[in-house]
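Working notes, beginning with the structure itself.
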Amino acid sequence: MKLSLPSTELRDAVWQDMPPDPLDDPDLYDEIMWRRAAAYLVDVVAIAVLLAAAWFLLSLLAVLSLGLLLPLKIIVLAILPTAYHTYFIGSTGMTPGMRVFDVELRTWTGRRPDYVQAFLQTVLFYTTVGLTTFLILAVALFNDRRRTLHDFLAGTVGVRHSQITAPQRVVQPT
Numbered sequence: 034m035k036l037s038l039p040s041t042e043l044r045d046a047v048w049q050d051m052p053p054d055p056l057d058d059p060d061l062y063d064e065i066m067w068r069r070a071a072a073y074l075v076d077v078v079a080i081a082v083l084l085a086a087a088w089f090l091l092s093l094l095a096v097l098s099l100g101l102l103l104p105l106k107i108i109v110l111a112i113l114p115t116a117y118h119t120y121f122i123g124s125t126g127m128t129p130g131m132r133v134f135d136v137e138l139r140t141w142t143g144r145r146p147d148y149v150q151a152f153l154q155t156v157l158f159y160t161t162v163g164l165t166t167f168l169i170l171a172v173a174l175f176n177d178r179r180r181t182l183h184d185f186l187a188g189t190v191g192v193r194h195s196q197i198t199a200p201q202r203v204v205q206p207t
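Under my numbering, think of the first position of the sequence shown as 34, with each following residue one higher.
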C-alpha cells in the first residue's frame with residue numbers, strides 16, 4: 034500500500050475557491066447545525082452497538098487467552114470511535130448518521146475530505162468537545178456557514194448533500 038500526500042486536484046470539487054456564501058445559496062446550509070447534531074446522535078448509537086459487540090468478542094478472546102489479549106481489547110475499544118468517523122468521512126464525506134440527515138463534509142475547496150483530513154477532523158472534534166464538554170460547538174452559532182471550531186481547524190464545511198448533487202451545482206472537471 035502506497036502512502037501519499039492528499040491530492041490537490043479539483044476533479045471532485047463542487048466549487049473552486051471557497052464555499053458559496055449562505056446569502057447566495059441558503060439551501061446549501063439549510064438547518065445544517067441541527068442536522069449535524071441529530072446525525073451525531075445516530076452515530077453515537079451505531080458506535081455504541083459496535084463497542085458492545087467488540088467488547089463482547091474481545092472479552093471472550095481475553096478469557097480464552099488467559100488475559101494475554103486484554104491490552105488488545107483496551108486499544109480497540111479506545112480507537113473504535115475515531116476509526117468509525119475517519120473511515121466514513123474519508124471514504125464518502127459522511128457518516129451513516131450524516132447520510133440519514135442529508136449532511137456531507139467538504140473541504141474548503143469543495144472536495145471530499147481524504148483520510149488524513151478526516152482523521153484530523155475527528156481528532157479535533159473529540160479533543161475540543163472533550164476539553165469543553167460540548168460548549169465549543171457554540172462557535173457554530175456565530176458564523177454564517179455554521180462551522181464548528183474543528184471545521185475551521187481542519188478546513189472543512191458541512192453542507193446539505195442533496196444540494197451538492199443538484200445538477201446545476203456540479204463543476205465539470207477540466
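Glycine included, every Cβ here is placed at the ideal spot set by N, Cα and C. All values reported here derive from a predicted model rather than from experimental measurement.
Inside the segment 34-104, DSSP marks whole alpha helix (DSSP H) runs of 4 or more residues at positions 65-97, from first to last along the chain. Just so you know, the alpha carbons of W88 and V75 end up roughly 20 Å apart. An exposed status is given to T165, since fewer than 16 other beta-carbon atoms sit within 10 Å of its beta-carbon. For T140, the three-state secondary structure derived from DSSP is strand. Nearest C-alpha to T189 among I108, G143 and L110: G143.
Taking C-beta separations shorter than 6 Å and ignoring five residues to either side along the sequence, the partners of V133 in its chain run V75, following chain order. Just so you know, the alpha carbons of L84 and L93 end up roughly 14 Å apart. The segment 168-181 makes no contact with the segment 109-129, as fewer than three CB pairs between them are under 8 Å.
Beta bridge pairing from DSSP links R178 with no other residue. Rounded to whole angstroms, P129 and L101 show a C-alpha spacing of 34 Å.
Taking C-beta atoms as the reference points, G123 and A79 fail to come closer than 8 Å.
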